[in-house]
Structures are given as structure tokens and as C-alpha cells.
Ligand SMILES: [Fe+2]
Ligand SMILES: [Fe+2]
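In the numbering used here, the protein residues as written are 1 to 275.
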């Protein structure tokens, strides 16, 4: 089949809301962009898991150590599922993970500001370069980033690639659990006068970092993703959905959101997922 004919058939299926199930149905453009987005998710899931690992030993109670261990298990499972989808498309996953395993554990200083830059050869979303130094960091990460990732995963739930849609349902449920864990602790830390100031300072950091993950409005990449139905909404629409939710929740426990200034010129063309 000629590439032009293949593209016509692919776009007709996407317009009709039919799932794409096999590499034979894909154009090279579709395959490349799908692999790029799923690799960003897979690498982020694994880098995220590694960042949580020390908190199995440092969490404040035995129950919380178990919760952290559970969250680490979830994230490694998400990585495994996503790398499995990539292997089905012919990606050398084992080679990739071997080459990056040391890189995935790399973290920068907490007070460094990366903006939207990515600094290693893996494809993790750049928020996963920041360290989780305190228990407040851990729970505000759940509160902000897992929620931000959840809003991005909403698009995946109705995207055009059938195997990804099916994989995302279980991942989505587990992310909800991480978000609830964040909410429980954010309320506790914010409402206790002894930890309120720490809660506000920690929210300030993770809120800004999360706002930076979504990409700039009306980016050409996003237009392409929407044509291929690998995404459904504009980057900024997803950001605004996150913002309005987190604003209400923070306000309810007496926290305020810091001002976030969009640096559109510096934002990545596209950004994707998870926590
Ligand atoms: Fe995850
Ligand atoms: Fe998560």
C-alpha cells in the first residue's frame, strides 16, 4: 500500500472513532509520534518510581512505608506496561532501559530552576529531575504532579491507539490513589499550625513545576497530535483544568497558589504525562 493511501485510511478510521490496533494500520508519522509520547510516559514512570524509593525507609510510620512501597510498585508496573506497548511496536526496550538505568536516578538540586529544560538523554518529563527531599515534597508531588498527569491521561483514555487506551484504565485508577494520598497529607500539613508554613512553601515549588509540564498553547506538535488523535485537547486547556481543580483544593485547606508566569518561548513544543 502506498503511504498516501495508508494515511487516508488511517485518518478515516480516526475520524470515525475506530481504534488503531496494529502497526500495519499506521503511517510512519503516526508510529513515530506514538512511540515518542509513549516513551515519555514510560521513562517518566520509571524515573518517578526511582525517586520515591528512598521514602520507603524514610516515611513517618510503618503504614506510610507500606503506602510508599505500594506507590513504587504501581509506578514500576506502569513503566512495565508502557515499555511492553513499545516493545510491541518494535522498540528495543531492554537495551533502552539498560542504557538509561543509571541516568533515571539522576536528580538536580532542589533549589535549581530548570524551567522547561530536559537535561539527560532519557525522555522523562522534566519535573522528574527534581529531588524528593522531604515528606512534604513526597505528598505535594502526589497532590500536584500526579494530578497534572491524571489530567493528561484523560486524553489518552479517548485517544486513537487501542492498546494504550486499554492500558491506561488500570494506570488511571492507581494514579487516583496517589492523588488521594496527597490530598490526605496536604490537608494534615496545611491545617496544623506547626507545619502550615512548610506546606505553603512546598506547594509553591511543586505547583510551579507542574504548571510547566503541559506545554505551550496551540503548539504545532499539539495540532499534529490532535489530528492523529494521540491527544484530544490543547495543552493549555489541560493546564487550565488542572489549575482550577488545584486552586479549589488548596483554598479549602487555607493554602494559596503562587503566581505562575508562562514563559511560552521556553516551553517544550509538547509535553506529556505522568506521575
Ligand atoms: Fe504512574
Ligand atoms: Fe503516580
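Built from N, CA and C at the ideal position, the CB exists for glycine as well.
Check whether the Cβ atoms of residue i and residue j sit closer than 8 Å, and answer yes or no.
i: residue 175; j: residue 155; result: no
i: residue 40; j: residue 165; result: no
i: residue 195; j: residue 189; result: yes
i: residue 278; j: residue 207; result: Shown here, the chain extends from 1 to 275; a query on residue 278 therefore has no answer.
i: residue 212; j: residue 115; result: yes
i: residue 48; j: residue 73; result: no
i: residue 89; j: residue 23; result: yes
i: residue 140; j: residue 186; result: yes
i: residue 46; j: residue 26; result: no
i: residue 239; j: residue 214; result: yes
Using only alpha-carbon positions, find the residue among the options that is nearest to residue i.
i: residue 128; options: 216, 135 and 118; result: 118
i: residue 157; options: 231, 115, 189 and 85; result: 231
i: residue 84; options: 132, 163, 113 and 47; result: 163
i: residue 167; options: 33, 81, 17 and 23; result: 81
i: residue 59; options: 134, 106 and 108; result: 134
i: residue 51; options: 27, 57 and 107; result: 107
i: residue 201; options: 111, 54, 151 and 248; result: 111
i: residue 253; options: 197, 218, 13 and 21; result: 197
i: residue 78; options: 21, 43, 57 and 148; result: 43
i: residue 323; options: 54, 137, 3 and 113; result: Nothing about residue 323 can be read from this structure; the chain reaches only from 1 to 275.
i: residue 256; options: 219, 199, 16 and 233; result: 199
i: residue 247; options: 2, 161, 99 and 148; result: 148
i: residue 219; options: 210, 233 and 102; result: 233
i: residue 97; options: 121, 173 and 109; result: 121
i: residue 262; options: 210, 109, 245 and 222; result: 210
i: residue 245; options: 95, 151 and 193; result: 151
i: residue 105; options: 63, 222 and 53; result: 53
i: residue 153; options: 192, 38, 67 and 3; result: 38
i: residue 144; options: 18, 250 and 191; result: 250
Helix, strand or coil, according to DSSP, for residue i in the structure here?
i: residue 130; result: coil
i: residue 119; result: coil
i: residue 20; result: strand
Here's a check: name, in chain order, each residue in its chain whose Cβ is nearer than 6 Å to the Cβ of residue i, leaving out the five neighbours to either side.
i: residue 264; result: 216
i: residue 7; result: 27
i: residue 20; result: 160 and 161
i: residue 69; result: 56
i: residue 172; result: 153
i: residue 65; result: 56 and 59
i: residue 276; result: Because residue 276 is not part of the residues shown, which for the chain are 1 to 275, the question remains open.
i: residue 184; result: none
Tell me which same chain residues have a C-beta within less than 8 Å of the C-beta of residue i, skipping the five on either side of it?
i: residue 33; result: 224, 225, 228 and 230
i: residue 36; result: 123
i: residue 178; result: 71, 74, 142, 146 and 275
i: residue 3; result: 27 and 28
Does the CB of residue i have a neighbour CB from chain D at under 8 Å?
i: residue 57; result: Going by chain labels, chain D is absent from the structure shown, which holds only one protein chain.
For residue i, I'd like the list of residues in its chain whose CB is within less than 7 Å of its CB, leaving aside the five on either flank, ordered along the chain.
i: residue 15; result: none
i: residue 222; result: 215, 231, 234, 235 and 270
i: residue 31; result: 23 and 89
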